[in-house]
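Residue numbers (the working numbering), protein chains in the order written: chain A, 205 to 321; chain B, 550 to 658. Glycine included, C-beta positions come from ideal geometry on N, C-alpha and C. Only a predicted model underlies this, so the values are computations on that prediction, with no experimental measurement involved. These notes are about the structure you will find just below.
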Amino acid sequence: ETGVTQTPRHLVMGMTNKKSLKCEQHLGHNAMYWYKQSAKKPLELMFVYSLEERVENNSVPSRFSPECPNSSHLFLHLHTLQPEDSALYLCASSHSPGLADSSYEQYFGPGTRLTVT
Amino acid sequence: TQLLEQSPQFLSIQEGENLTVYCNSSSVFSSLQWYRQEPGEGPVLLVTVVTGGEVKKLKRLTFQFGDARKDSSLHITAAQTGDTGLYLCAGGSNYKLTFGKGTLLTVNP
């Protein structure tokens, strides 16, 4: 595997279900991100992990719970979601932000298309 | 709050035509990225520009960063059907990216 991978690619879940999205990066990066992409809206940054520590939580509801066990893996645990949470969830990775020599280049996975019924 | 405005929102052209899309902001960015996204896939990085006035060329694509590092443009020469996609600009500042809503380009055969 190369680049950034995400599983599953498609997920349909009821409002009472619990599921997890998985992201893995093979680029040697040490920062990982979760974004939400909805129709007619810019990509919304949800969470940022740098060196396995959460450095950004963009006022995301608690029904979304991220986990970063190491610099290559990122999870998004989902529970009690609402229909408006249906969207494309994108994972990205980069070199650690904020470092003097870091660029802002992020590399994205293919996304998980989530539908909440 | 930093905002990036992209225009036009939609663009439909014939193969072989030239086009320019724009990305504008009132904020200064340390760098600016352009991405292309195809349906059902994640954005793919095309280019990064970091210096005011910088111009970068990628085959038929020309990217320019404004002198004040607040705006950027993407020019495509002799568009091909394979250029179809959503073009996103993203400004880098304070260790994160701010994305525009994108320009949805359709190149018809």
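- The criterion of a C-beta distance shorter than 8 Å is not satisfied by residue 620 of chain B and residue 654 of chain B.
- In chain order, 625, 626, 627 place their CB closer than 7 Å to the CB of residue 609 of chain B, counting only its own chain and leaving out the 5 sequence neighbours on each side.
- Listed along chain B, no residue sits closer than 7 Å to residue 253 of chain A by beta-carbon distance, the nearest being about 12 Å off.
- When CB distances to chain A are screened at a threshold of 9 Å, the residues of the segment 583 to 606 of chain B falling below it are 584, 586, 589, 590, 591, 592, 593, 594, 597, 599, in chain order.
- Cβ contact annotation for residue 242 of chain A (same chain, cutoff 6 Å, sequence separation greater than five): 291, in chain order.
- Contact between residue 228 of chain A and residue 206 of chain A does not hold, since the beta-carbon distance rounds to 11 Å and is not under 8 Å.
- The count of Cβ pairs closer than 8 Å, one atom from the segment 601 to 616 of chain B and one from the segment 262 to 276 of chain A, stays below three, leaving the stretches out of contact.
- The Cβ atoms of residue 225 of chain A and residue 316 of chain A lie closer than 8 Å to each other.
- Shown here for residue 264 of chain A: same chain residues with a beta carbon closer than 8 Å to its own, the five before and five after excluded, namely 250, 251 in chain order.
- Fully contained in the segment 211 to 255 of chain A are the following beta strand (DSSP E) runs of length 3 or more, in chain order: 214 to 217, 222 to 229, 235 to 241, 248 to 254.
- For residue 308 of chain A, the closest alpha carbon among the candidates B/575, B/616, B/639, B/560 is that of B/639.
- Excluding five sequence positions before and after residue 596 of chain B, the CB atoms of its chain that fall closer than 8 Å to its own CB belong to 582, 583, 605, 607, 610, 612, given in chain order.
- What residue 310 of chain A touches in chain B, judged by beta-carbon distance under 7 Å, is 646, going in chain order.
- Shown here, residue 273 of chain A sits in a strand according to DSSP, grouped into three states.
- If you ignore the 5 residues before and after residue 311 of chain A, its C-beta comes within less than 8 Å of the C-beta of 207, 208, 229, 231, 233, 296, 297, 298, all in its own chain and listed in chain order.
- Taking the CA atoms as reference points, residue 560 of chain B sits about 28 Å from residue 579 of chain B.
- Cβ neighbours of residue 212 of chain A within its own chain (closer than 7 Å, five residues either side excluded): 316.
- Assigned with DSSP and collapsed to three states, residue 632 of chain B falls in helix.
- In its chain, beyond the 5 residues on either side, 248, 250, 291, 293 have a beta carbon closer than 7 Å to the beta carbon of residue 240 of chain A.
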